[in-house]
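K.L.:
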Amino acid sequence: MVRKGLPGLTAQIKDKLIQQALERRLRQADQGKNFDAPARSSSGAAATPEQHYRFHLHPGYQQIRIISEGATRLGIDSPFFKLHDGIAGAGTRIDGRDYINFASYNYLALSGHAEISDAAKLAIDRYGTSVSASRLVSGERPVHRELEQAIARAYGTDDAITFVSGHAANVTTIGHLFAAPDLVVHDELIHNSVVQGIGLSGARRLSFPHNDPEALDTLLNQQRQHFQRVLIVLEGIYSMDGDYPDLPRFVAIKNKHRAFLMVDEAHSFGVMGATGLGIREHFGLQSADVDIWMGTLSKALAGCGGYIAGEAALVEHLKFLAPGFLYSVGMPPPIAAASLAALQVMQAEPERVATLQARGRFFLAQARAAGIDTGTSAGFAVIPAITGSSIKAARLAAALFARGINVQPILYPAVPEKSARLRFFISCEHSELQIQQTVAALADELGKL
Numbered sequence: 001m002v003r004k005g006l007p008g009l010t011a012q013i014k015d016k017l018i019q020q021a022l023e024r025r026l027r028q029a030d031q032g033k034n035f036d037a038p039a040r041s042s043s044g045a046a047a048t049p050e051q052h053y054r055f056h057l058h059p060g061y062q063q064i065r066i067i068s069e070g071a072t073r074l075g076i077d078s079p080f081f082k083l084h085d086g087i088a089g090a091g092t093r094i095d096g097r098d099y100i101n102f103a104s105y106n107y108l109a110l111s112g113h114a115e116i117s118d119a120a121k122l123a124i125d126r127y128g129t130s131v132s133a134s135r136l137v138s139g140e141r142p143v144h145r146e147l148e149q150a151i152a153r154a155y156g157t158d159d160a161i162t163f164v165s166g167h168a169a170n171v172t173t174i175g176h177l178f179a180a181p182d183l184v185v186h187d188e189l190i191h192n193s194v195v196q197g198i199g200l201s202g203a204r205r206l207s208f209p210h211n212d213p214e215a216l217d218t219l220l221n222q223q224r225q226h227f228q229r230v231l232i233v234l235e236g237i238y239s240m241d242g243d244y245p246d247l248p249r250f251v252a253i254k255n256k257h258r259a260f261l262m263v264d265e266a267h268s269f270g271v272m273g274a275t276g277l278g279i280r281e282h283f284g285l286q287s288a289d290v291d292i293w294m295g296t297l298s299k300a301l302a303g304c305g306g307y308i309a310g311e312a313a314l315v316e317h318l319k320f321l322a323p324g325f326l327y328s329v330g331m332p333p334p335i336a337a338a339s340l341a342a343l344q345v346m347q348a349e350p351e352r353v354a355t356l357q358a359r360g361r362f363f364l365a366q367a368r369a370a371g372i373d374t375g376t377s378a379g380f381a382v383i384p385a386i387t388g389s390s391i392k393a394a395r396l397a398a399a400l401f402a403r404g405i406n407v408q409p410i411l412y413p414a415v416p417e418k419s420a421r422l423r424f425f426i427s428c429e430h431s432e433l434q435i436q437q438t439v440a441a442l443a444d445e446l447g448k449l
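Just so we're aligned: the sequence shown equals residues 1 to 449 in full-length UniProt numbering.
Here it is in structure tokens:
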């Protein structure tokens with residue numbers, strides 16, 4: 001719901017003033033993280049500032065409150081934490097109303113698939129809902145190895161290892177394998193989990209411009225000699241933009257500089273390639289061209305968690321020493337069974353991948369024809385509609401929601417203000433009619449902003 005604003009100001013001027021005030025307050029809150037001056041007690045001794053022992057005064061929480069208060073002043077309800085009444089795929093039900101849904105990455109419509117749900121139920125009956133231990137000590141179950149072996153076969157690698165969290169898979173793998181004498185270089189748009197993993201490792205971190213292999217080559221020409229191990233990290237499909245790297249060129253650069261190459265396939269496995277085997281299949285590369293293949297089970301594979309696939313030495317090393325695996329409970333059996341079944345269905349029904357790719361291309365073509373800024377998206381399941389303003393993105397999402405279309409805005413500071421957007425996730429079950437209706441509504445509402 002959008003409420004009326006302040007009288008005497010045009011909507012655009014009012015929005016601009018509030019936006020500027022919000023950005024100013026967010027900058028001040030962010031600066032407060034590092035520049036809190038110590039107070040002095042009446043005796044002259046340094047006193048502990050209240051914000052150092054009160055959660056409600058933490059700068060991060062202050063940022064949340066600033067954004068929330070700004071949305072209230074603008075008359076915009078929060079678009080977050082919507083309660084879905086059932087399975088969320090191409091459609092969903094929220095608060096008793098049906099919506100066309102573009103806010104879930106159930107790309108192949110396998111979450112909720114009867115065969116996959118049955119596999120999860122059978123695993124519960126056999127193994128329970130938890131393995132109740134780290135896999136190293138007492139938590140190993142046959143379904144874990146069956147899933148990992150199936151992933152390894154899909155990639156053509158020696159082996160694979162699964163983690164209970166996709167985010168943690170990146171954090172613990174990078175954090176454990178690399179250290180202070182090393183360098184990790186990554187695309188400037190890389191996922192937060194990679195950045196967190198590098199921070200944990202203590203390695204030097206450098207970024208290069210998005211999808212720019214020449215810039216990476218130049219950087220490594222200057223820096224490679226100063227470090228022991230060097231890791232290059234890319235994504236198969238970038239989750240905010242829906243584009244992908246020219247992977248063969250990056251493989252050539254990693255070989256030239258004798259570096260490791262890691263590809264995060266969270267959004268590309270099950271989406272790219274003739275049969276959904278990811279960016280490797282898309283380019284016709286060998287599995288050994290990339291040293292560390294990473295992916296998630298929560299998108300195309302209808303589960304939860306992450307995996308690393310690669311040579312035997314890599315996987316064995318992680319199994320015995322990576323803290324995020326060694327000190328974590330093993331994956332719940334119904335999740336492992338569901339993802340294994342999902343991978344089997346994906347490989348048995350390649351038409352799901354073909355339909356997903358066709359629907360993605362159709363959405364992209366329709367959006368571009370309507371004059372919508374889709375950035376650099378290639379039409380592989382992730383398509384942004386860039387608004388250039390967080391306020392516009394929030395209002396646009398609210399307007400579409402009122403018209404029965406559920407899509408989430410991506411706002412500042414998650415992205416730069418000029419890059420604020422709506423992000424559309426495509427499913428193989430979206431119909432061309434649903435896409436046409438959505439793009440027409442999107443163009444109509446954009447024209448009103």
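Glycine residues also receive a C-beta, built at the ideal position from the N, C-alpha and C atoms. As the structure is a computational prediction, the values presented were derived from the model and not from experiment.
1. List the residues that DSSP assigns as beta-bridge partners of A160.
2. So which of M294, N221, H226, D187 has the shortest CA-CA distance to D246?
3. Pull up the distance between the alpha-carbon of K82 and that of R258, whole angstroms please.
4. Answer yes or no: do M294 and I308 have a C-beta to C-beta separation smaller than 9 Å?
5. Could you check if L422 is buried or exposed, using at least 16 other CB atoms within 10 Å of its CB as the buried criterion?
6. Residue range of the alpha helix (DSSP H) that A357 falls in?
7. Spatial neighbours of L220 within its chain, please: C-beta separation below 6 Å, excluding the five flanking residues on both sides.
8. Under three-state DSSP, which class holds H176?
9. Please list, in chain order, all residues of the same chain as D291 whose beta carbon is under 7 Å from its beta carbon, the five residues on each side excluded.
10. From K392 to L449, what does the alpha carbon distance come to, in whole angstroms?
11. Using a Cβ-Cβ cutoff of less than 8 Å, which residues in the same chain neighbour Q366 once the five nearest sequence positions on both sides are dropped?
12. Give the C-beta separation of A300 and A120 to the nearest angstrom, bearing in mind that I take them to be a contact with Cβ-Cβ under 8 Å.
13. Helix, strand or coil: which one does DSSP assign to L183?
14. What's the gap between the Cα of D118 and the Cα of N211?
15. Short of 6 Å in beta carbon distance, which residues of its chain neighbour residue 467, apart from the five on each side in sequence? Order them along the chain.
16. Within the same chain, show all residues whose beta-carbon is closer than 7 Å to that of H282, passing over the 5 residues directly before and after it, in chain order.
17. Run through DSSP, which three-state label would D289 get?
18. Just to confirm my understanding: we take F208, look at its own chain, exclude 5 residues before and 5 after, and list those with CB closer than 8 Å. What are they?
19. Within the segment 387 to 436, note down every full alpha helix (DSSP H) run reaching 4 residues or more, in order along the chain.
20. Would you decide whether K254 is buried or exposed? Buried here means 16 or more other CB atoms lie within 10 Å of its CB.
21. With E349 and L400 assumed to form a contact (beta carbons below 8 Å), what rounded beta-carbon distance in angstroms separates them?
22. Across which residues does DSSP place P384 in a beta bridge pair?
23. By Cβ distance below 7 Å, which residues in the same chain neighbour V171 in space, the five residues on each side in sequence not counted?
24. Return the first residue and the last residue of the alpha helix (DSSP H) that L74 is part of.
25. Would a C-beta distance cut-off of 9 Å place G166 and A322 closer than the cut-off?
26. Ignore the nearest five residues each way along the sequence and tell me which others in I335's own chain have a CB closer than 6 Å to its CB.
27. Measure the alpha-carbon distance for P409 versus I426 and round it to whole angstroms.
28. Can you tell me whether L83 is helix, strand or coil according to DSSP?
29. Short check: CB of L177 to CB of L318, under 9 Å?
30. N101 lies in the beta strand (DSSP E); which residues open and close that run?
31. Let me check understanding here. Comparing Cα to Cα, which of Y412, F102, R73 lies closest to R359?
P.N.:
Once the coordinates are examined:
1. A309
2. D187
3. 47 Å
4. yes
5. buried
6. Per the sequence shown, residue 357 should be read as Gln rather than Ala. Taken as a continuous stretch (DSSP letters only), the alpha helix (DSSP H) holding Q357 covers 351 to 369.
7. H257
8. helix
9. F260, L261, M262, G310
10. 7 Å
11. I435, Q436, V439
12. Wrong, their Cβ atoms sit about 16 Å apart, outside the cutoff.
13. strand
14. 41 Å
15. It is not possible to answer for residue 467, since the shown part of the chain is limited to 1 through 449.
16. M272, G273
17. helix
18. V185, H186, D187, E188, A215, L216, L219
19. 390 to 402
20. buried
21. Actually they are not in contact, since the Cβ atoms of E349 and L400 sit about 31 Å apart, beyond 8 Å.
22. R423
23. S193, Q196, G197, L200, G324
24. 59 to 74
25. no
26. G303, C304
27. 15 Å
28. coil
29. yes
30. 97 to 101
31. F102
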